[in-house]
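Structure first, then comments.
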Amino acid sequence: MPSLFASYLRVFEPLTAFDRDRQVFWRRYAREGRALGPVDGPVKQRTAVLEALGAGWTRLPDLPDEAYVMETGDTLLVCPWNLRLRVAEAALNARDGVPSVLADAFVPPVLAGQARAIVEDWRSGAKVLEHGVPRVHEQIATWGVPLRWFVFVDLEEREISLEPGRRTLRYRTEISKARRRAHRAVSVLRKSLGDAPITEAVEEGTRWLEEFHPRSIVELDYGGLVNLLPDDVLGEDDSPGLVAAGLSALSRGDADAASSAYEKLVERWRAVQLLERCN
86 MPSLFASYLR
96 VFEPLTAFDR
106 DRQVFWRRYA
116 REGRALGPVD
126 GPVKQRTAVL
136 EALGAGWTRL
146 PDLPDEAYVM
156 ETGDTLLVCP
166 WNLRLRVAEA
176 ALNARDGVPS
186 VLADAFVPPV
196 LAGQARAIVE
206 DWRSGAKVLE
216 HGVPRVHEQI
226 ATWGVPLRWF
236 VFVDLEEREI
246 SLEPGRRTLR
256 YRTEISKARR
266 RAHRAVSVLR
276 KSLGDAPITE
286 AVEEGTRWLE
296 EFHPRSIVEL
306 DYGGLVNLLP
316 DDVLGEDDSP
326 GLVAAGLSAL
336 SRGDADAASS
346 AYEKLVERWR
356 AVQLLERCN
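For what it's worth, the numbering used here labels the leading residue of the sequence shown as 86, then goes sequentially.
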């Protein structure tokens with residue numbers, strides 16, 4: 086379930102990535118001004134999921150199609166929210182770590198089965214064949230930014246605003262650049278660390294990027310995390326640079342420099358993660 090203290094990795098695809106009906110729908114959706122920006126969108130997503138979870142649980146509800154929209158020149162790009170999938174994931178997460186009696190009372194087995202079917206359907210790639218679009222356009226991480234996400238962007242691609250009420254920090258890049266960085270990182274990590282968890286994590290992200298249209302845009306958005314960090318910390322944040330420095334050190338066999346960059350990253354983001362315990 087989306088959290089206000091979350092970061093986001095999104096892919097915006099051009100309309101040509103969608104079938105004809107979806108192209109007409111998203112073009113009208115954008116023309117009517119229905120799309121919210123990345124500042125307000127997560128709040129609406131969270132509200133929609135919570136309302137769906139409280140709907141009596143007679144069935145998993147159908148939810149309206151929503152998306153983030155980006156215009157670059159004459160090109161319209163779309164990042165669908167996939168709210169029905171979010172609700173299904175939230176239903177399954179609600180059962181995790183809860184005694185079966187309570188889990189069945191809150192999310193009955195028949196509804197859990199529906200949710201599981203929806204999630205498995207998307208993960209299997211069935212929607213790719215049916216609709217011609219990848220399964221998930223947005224990944225969400227709470228109380229931090231997964232370090233592997235920084236592989237896909239460059240420090241020079243940072244966009245930052247410190248205006249009250251509209252504080253944002255994000256990185257946007259062409260998916261072709263994100264893919265090249267990802268493949269290069271996998272090569273370095275596999276050669277230096279082998280089948281380490283970080284290698285597998287970056288490989289998984291690389292496969293995810295390969296699902297999308299070649300003229301897509303990748304966005305790493307700090308989301309609500311900007312509200313946990315003071316202006317000076319945001320302004321000085323160089324996490325993608327540290328990741329790039331660490332990979333460069335690994336490629337030349339400088340283990341000490343690579344460890345130093347990694348330790349700086351972990352220490353920086355551990356401070357944010359610890360705030361969850363204070364919440």
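Glycine included, C-beta positions come from ideal geometry on N, C-alpha and C. If you're wondering where the values come from, they're calculated on a predicted model, not measured in any experiment.
C-alpha gap between residue i and residue j, whole angstroms
i, j, result
"R171", "L274", "32 angstroms"
"R201", "P184", "18 angstroms"
"A115", "M155", "9 angstroms"
"L161", "R269", "29 angstroms"
"G126", "N167", "13 angstroms"
"G308", "F97", "16 angstroms"
"R243", "P325", "9 angstroms"
"Y347", "E296", "29 angstroms"
"L332", "G122", "33 angstroms"
Among the options, the one whose alpha carbon lies nearest that of residue i
i, options, result
"L145", "V204, G320 and A115", "V204"
"T258", "F90, L94 and L89", "L94"
"E241", "Y347, A91, P193 and D322", "D322"
"V230", "L313, A133 and E296", "L313"
"Q224", "L121, D280, V311 and E174", "E174"
"P315", "R169, L247, Q130 and D239", "L247"
"A368", "L350, A330 and E352", "Past the edges of the chain, shown from 86 to 364, lies residue 368, and the structure says nothing about it."
"T284", "P194, V124 and L232", "L232"
"N178", "S345, A334, V134 and V238", "V134"
Distance between beta carbons of residue j and residue i, contact taken as under 8 angstroms
i, j, result
"W228", "F90", "6 angstroms"
"L310", "V357", "6 angstroms"
"L294", "R265", "The Cβ separation is near 10 angstroms, so there is no contact."
"A102", "Y153", "With a Cβ gap of about 15 angstroms, A102 and Y153 do not count as contacting."
C-beta atoms of residue i and residue j nearer than 8 angstroms
i, j, result
"R300", "P165", "no"
"I302", "I245", "no"
"D306", "R255", "yes"
"A226", "A197", "no"
"V236", "V351", "no"
Counting Cβ pairs, one atom from each stretch, are 3 or more of them under 8 angstroms apart for the stretch 238–255 and the stretch 102–119? no
Pairs of beta-carbons, one from the stretch 286–298 and one from the stretch 261–277, closer than 8 angstroms: are there three or more? Contact holds: three or more Cβ-Cβ distances are below 8 angstroms.
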